[in-house]
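Here the protein sequences come in this chain order: A and B. The working numbering numbers the first residue of the first sequence as 139 and each following residue consecutively. The working numbering numbers the first residue of the second sequence as 59 and each following residue consecutively. Everything below concerns the one structure shown next.
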Amino acid sequence: METDGEIDPARLADGAGVPHGAELIAFVDAIIAGDDEAATARARLTNALGPEAMVDAAAVAANFFMMTRIADATGTPLDERSVAMSNDLRADLGIEGFTSKRLTGQTG
Amino acid sequence: MGTILDAGLRDDLTDAHREVIDAVGRPGASWTAPERVAIAAEVRRAMERPDLPPWQTPSSTDGMVAPDHPLEAAAIDAVWRITNHPGTLTRDWYDEIVAGLTSPEHYVELVAIAAMMNGIDRLAHFLALEPIPLPAGGAGEPTGERGDDLTVSSHWVPTTGGGPQVMRALSAVPSDRATQMTLLEAQYVPPTALVGDLNWDRGTLDRRQIELVATHTSIVNECFY
């Protein structure tokens, strides 16, 4: 299911072709929801990748709760290079339909 | 169930979380230590009430803010909105909030504290750990520290320096930005590896796995950036 080392955005919900990608996506969804599935998800990812990797995956998710708030609260625009590089990706992911995009009308 | 500080996690992660809590308890550039602790406490109160919709502010809701609260209504409302509804923030909202604060630099410092508290408390929650107790907040006046040559150009907030836009977002408050960078490195990748070393990993997840988690989390948060 790998794609020559690239992440396949069209298959993000299925893990995007990344090794253990589906488990990582399910893990993130479960720990964010914080419901009864979270403990199961932690155990499942620990079994698949080890306890240190489980903690690191949780840490990356937590980090992007921080970064999204910094970016959105400061009106951070996309870098010009990123705008040019991500036109297709943003279209594929449906980012143009995000609430913040609709409210701000920003293009980058 | 303990906190991250006594969970036996890798040292740099533990130290980064301790550094955030210690920094919250010290005077900042614009806010006193007790005010910074109050900002952090509001993050935790907000996280307990994700049901409050973005158009309803805690300061306008009966019984949600004590009359002797140390923070202005604008500061409390900003913390709650940033914590629970970051995808709804607009330039008009920012202008209204900053008009209720002493300066834009006060706002940037508030964002830094709110964002870092979200970063450390979410990890505690994700790992079924207790949040680290907040410090009392020491004495002393705000330092008045500012980034050099601040201008409002690319962001809503004043910024300075070069590099990726998101890395400049907190440049108005250098000390808090440094603490945030330490946390970013411990929870994600070193800043130098963001675009400089796309194969960087710490021996657990490879970079594609790291970016998959990062991307999915940002999508869940409806992050525009």
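We put the CB at the ideal spot given by N, CA and C, even for glycine. Fair warning: this is a prediction, and the values are worked out from it, not measured in the lab.
Ranking A:Ala160, A:Glu218, A:Phe165 and A:Asp210 by CA distance to the CA of A:Ala177 puts A:Phe165 first.
Going by C-alpha positions, A:Leu187 is about 39 angstroms away from B:Arg84.
Of all residues in the region 201 to 221 of chain A, only Asn201, Phe202, Phe203, Met204, Met205, Thr206, Arg207, Ile208, Ala209, Asp210, Ala211, Thr212, Gly213, Thr214, Pro215, Leu216 and Asp217 place a beta-carbon less than 7 angstroms from a beta-carbon of chain B. Around the beta-carbon of B:Thr250, fewer than 16 other beta-carbon atoms lie within 10 Å, marking it exposed.
The criterion of a C-beta distance shorter than 8 angstroms is satisfied by B:Arg139 and B:Pro112. Under the Cβ distance rule, A:Glu190 counts among the residues neighbouring chain B, one pair being separated by less than 8 angstroms. At the C-beta level, B:Val210 and B:Ala230 stay beyond 8 angstroms of one another.
Between the C-alpha atoms of B:Arg180 and B:Gln245 there is a straight-line separation of about 11 angstroms. Of the residues B:Leu168, B:Val156 and B:Thr72, the one whose Cα lies closest to the Cα of B:Ala91 is B:Leu168. In the structure shown, B:Thr61 falls within a strand segment according to DSSP collapsed to helix, strand and coil.
For A:Asp194, the nearest beta carbon of chain B is closer than 8 angstroms to its own beta carbon. In this structure, the alpha-carbon of B:Val156 lies about 16 angstroms from that of B:Ala227. B:Tyr165 and B:Glu77 have their C-alpha atoms some 21 angstroms from each other. A straight line joining the alpha-carbon of A:Ile163 with that of A:Ala209 spans about 23 angstroms. B:Met239 does not reach chain A, its nearest Cβ partner there being about 11 angstroms away, counting only Cβ pairs nearer than 7 angstroms. For B:Gln245, the nearest CB of chain A lies under 8 angstroms from its own CB, placing it at the interface with that chain.
Beta-carbon to beta-carbon, B:Glu188 and B:Thr61 are separated by about 5 angstroms, close enough to satisfy the 8 angstroms threshold. The shortest C-alpha to C-alpha distance from B:Pro248 to any of B:Thr273, B:Ile268 and B:Leu192 is the one to B:Ile268.
Of the other Cβ atoms in all chains shown, fewer than 16 fall within 10 Å of the Cβ of B:Asp207; this residue is therefore exposed. Collapsing the DSSP output to three states places B:Glu130 in coil. Below 8 angstroms, enough C-beta pairs join the region 129 to 144 of chain B and the region 96 to 106 of chain B to call them touching: three or more. Contact annotation, A:Ala168 with A:Ala179: C-beta distance approximately 3 angstroms; criterion of less than 8 angstroms satisfied.
Of all residues in the region 171 to 191 of chain A, the ones placed with a Cβ closer than 8 angstroms to any Cβ belonging to chain B are Gly172, Ala176, Ala177, Arg180, Leu187, Gly188, Glu190 and Ala191, in chain order. Using a 10 angstroms sphere on the CB of A:Arg207, the tally of other CB atoms reaches 16 or more, which defines it as buried. In the assembly as shown, B:Asp135 is a buried residue. Its beta-carbon has 16 or more other beta-carbons within 10 Å. Not one beta carbon of chain B lies nearer than 8 angstroms to the beta carbon of A:Ala164. Taken in chain order, the complete alpha helix (DSSP H) segments of 4 residues or longer contained in the region 141 to 168 of chain B are 149 to 157.
Beta-bridge annotation (DSSP): B:Thr201 is not paired with any residue. Within the model, the alpha-carbon separation for B:Thr218 versus A:Thr214 is close to 13 angstroms. Residue nearest to B:Asp64 within the set B:Leu256, B:Asp255, B:Ala182 and B:Ala236 is B:Ala182 (criterion: CA-CA distance). Collapsing the DSSP output to three states places B:Thr217 in a strand.
DSSP links B:Thr209 through a beta bridge to B:Thr217. Taking the C-beta atoms as reference points, A:Val193 is found nearer than 8 angstroms to B:Leu67.
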